[in-house]
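See structure below.
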Amino acid sequence: MSDFFDCLVVGTGPVGMVAARGLAQAGISVGLIGPEPNLSRDGRTVAILDKGVSLLQSLGMWDAAQKNSAPLTEMRIIDDTGSLFRAPPVTFRAHELGLEAFGQNIELTDLVTHLSKCLETQTTIHRLSNTVKQFSRKADGVIEVELTSGHKVKCRILIGADGKNSQVRDFAEIKTKKWDYPQSALTALFSHERDHEDRSTEFHKRSGPFTLVPLQGRRSSLVWMMPPKEAERISRQSNEHFARLVEKQAHSLLGKMTLESQIGLIPMSGLSTDIYAKVQIAVIGEAAHVFPPIGAQGLNLGLRDIEALLKSFSNDLSDQALQKFDRDRRRDVKTRTMAVDLLNRSLLADYIPVDFARGAGLMTIANIKPLRQFIMRRGAGF
3 MSDFFDCLVV GTGPVGMVAA RGLAQAGISV GLIGPEPNLS RDGRTVAILD KGVSLLQSLG
63 MWDAAQKNSA PLTEMRIIDD TGSLFRAPPV TFRAHELGLE AFGQNIELTD LVTHLSKCLE
123 TQTTIHRLSN TVKQFSRKAD GVIEVELTSG HKVKCRILIG ADGKNSQVRD FAEIKTKKWD
183 YPQSALTALF SHERDHEDRS TEFHKRSGPF TLVPLQGRRS SLVWMMPPKE AERISRQSNE
243 HFARLVEKQA HSLLGKMTLE SQIGLIPMSG LSTDIYAKVQ IAVIGEAAHV FPPIGAQGLN
303 LGLRDIEALL KSFSNDLSDQ ALQKFDRDRR RDVKTRTMAV DLLNRSLLAD YIPVDFARGA
363 GLMTIANIKP LRQFIMRRGA GF
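By my numbering, the letter at position 237 of the sequence shown is numbered 239, and the numbering carries on one by one without gaps.
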């Protein structure tokens, strides 16, 4: 194995694996650094929107995963805040955009398993199943990465897909803004009596969103945001009590619910960077942006990062290409980060003017088709 690569990708989550595959298929020599992915079933799923599915299909990374996914044909928002200005439910339908589905929902462990298998057949990607000890710039203009094993590798371009505590971002001295929300998210998988009809339902509650997303059959995933102490208390409930509580919060929308996984507990935080690339370095996925799980934007934003990166590198690997990538991502990322942050904070704010504005906004979306279609296109990444 060579110790020099055109690109080194640090991070073996979905974003890192997809980025490595895309670069390798573009004829770029790639090393992928990071431990073998964690395949524990922790109740998390990812809703991959239509454009993200198209990217995975183009890279030959979706067909095997599709059998474990469920289509999202409708997305419904229900105001369950108890506000005086409660808006009627709003339903977004994929067929209004000429789509069969907004995207596909799949268990995170299933997705990671399929992506990892795809890389096993990609002989031009060299897996370096280790963690990073340190980075350094050499006099000849290359970046050297020393692994904790003591092995050293070099590259022309370094890509950080190593999450919100990114070592690559720190090495590049890319400035960040970090914040915490007074919330944690509970995640879990359920089976239930009634058919979900391929419809995702997001209840907007005073503590944050409570979202049920379809899986195959009569199964759904849950993301429930609430104050951290309450989340910790509820996560310790028995499986039966937790399932009854979730059924009650969902107003028995799906009938009796049965817990199928462990209960995940995730503190909510946010992160943004001032730039997305520096000399010879780019950051993608949660190394560049983190926000709450609202509107299926998290992983999908990372997939759009990859799309922009591949487009920028279509002609050459240069700092000019990285500058183009940086320009292309700034507006998209900042706009979506602000939108998700604003919506989440509006749910937490128990003020009549804020409730009125949110309720009026949802009512307007429900009744004005062109506006609803515009929001759907933006949410779906078009």
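Using N, Cα and C, we set each Cβ at its ideal position, and we do this for glycine too. In this text the structure is predicted, and so the values were computed from the model without any measurement.
Considering only residues of the same chain and omitting the five flanking positions on each side of residue i, which have a CB-CB separation below 6 Å?
i: residue 271; result: 182
i: residue 2; result: Shown here, the chain extends from 3 to 384; a query on residue 2 therefore has no answer.
i: residue 258; result: 195
i: residue 109; result: 47
i: residue 314; result: 323, 326, 327
i: residue 269; result: 186
Just the C-alpha distance for residue i and residue j, rounded to the nearest angstrom, thanks.
i: residue 225; j: residue 190; result: 7 Å
i: residue 23; j: residue 175; result: 27 Å
i: residue 284; j: residue 55; result: 23 Å
i: residue 64; j: residue 58; result: 5 Å
i: residue 155; j: residue 233; result: 43 Å
i: residue 320; j: residue 44; result: 40 Å
i: residue 170; j: residue 230; result: 30 Å
i: residue 73; j: residue 141; result: 51 Å
i: residue 188; j: residue 264; result: 10 Å
i: residue 167; j: residue 267; result: 18 Å
i: residue 239; j: residue 158; result: 51 Å
i: residue 151; j: residue 132; result: 7 Å
i: residue 260; j: residue 318; result: 52 Å
i: residue 25; j: residue 251; result: 44 Å
i: residue 81; j: residue 94; result: 15 Å
i: residue 149; j: residue 5; result: 12 Å
i: residue 332; j: residue 312; result: 16 Å
i: residue 107; j: residue 71; result: 5 Å
i: residue 172; j: residue 116; result: 30 Å
Output yes or no for whether 8 Å exceeds the beta carbon distance between residue i and residue j.
i: residue 113; j: residue 48; result: yes
i: residue 78; j: residue 203; result: yes
i: residue 282; j: residue 145; result: yes
i: residue 92; j: residue 12; result: no
i: residue 14; j: residue 41; result: no
i: residue 273; j: residue 178; result: yes
i: residue 118; j: residue 19; result: yes
i: residue 245; j: residue 212; result: no
i: residue 9; j: residue 127; result: no
Does DSSP put residue i in a helix, a strand or coil?
i: residue 16; result: helix
i: residue 69; result: coil
i: residue 266; result: strand
i: residue 337; result: helix
i: residue 36; result: coil
i: residue 53; result: helix
i: residue 98; result: helix
i: residue 104; result: coil
i: residue 271; result: strand
i: residue 9; result: strand
i: residue 31; result: coil
i: residue 23; result: helix
i: residue 41; result: coil
i: residue 61; result: coil
i: residue 46; result: coil
Within a Cβ cutoff of 8 Å, which residues of the same chain sit near residue i, ignoring the five residues on either side of it in sequence?
i: residue 17; result: 163, 286, 287, 288, 301, 304, 305, 307, 308
i: residue 353; result: At residue 353, the pLDDT of 38 sits below 50, so the modelled position is not reliable; the number obtained from the coordinates is stated separately. So the list is empty, once near-sequence residues are dropped.
Please go through the same chain and pick out, in chain order, the residues whose beta-carbon is closer than 7 Å to the beta-carbon of residue i, but skip the five residues on each side of it.
i: residue 197; result: 220
i: residue 139; result: 145
i: residue 376; result: Low confidence applies to residue 376: its pLDDT is 45, below 50, so where it sits in the model is not reliable, and the reading given next is rough at best. So no residue of the chain qualifies.
i: residue 339; result: 274, 291, 293
i: residue 249; result: 258, 259
Check whether the Cβ of residue i lies closer than 8 Å to any Cβ atom in chain B.
i: residue 223; result: Of the protein chains in this structure there is only one, and it is not chain B.
Checklist entry - Quick one: complete alpha helix (DSSP H) runs, 4+ long, within the segment 112 to 196? => result 169 to 174
Item to check | Runs of beta strand (DSSP E) lying entirely within the segment 273 to 318, each at least 3 residues, in chain order | outcome: 283 to 285
Next on the checklist: Quick check on the DSSP output: what are the complete beta strand (DSSP E) runs of length 3 or more inside the segment 209 to 262, in order along the chain?
Outcome noted: 210 to 217, 221 to 228, 259 to 261
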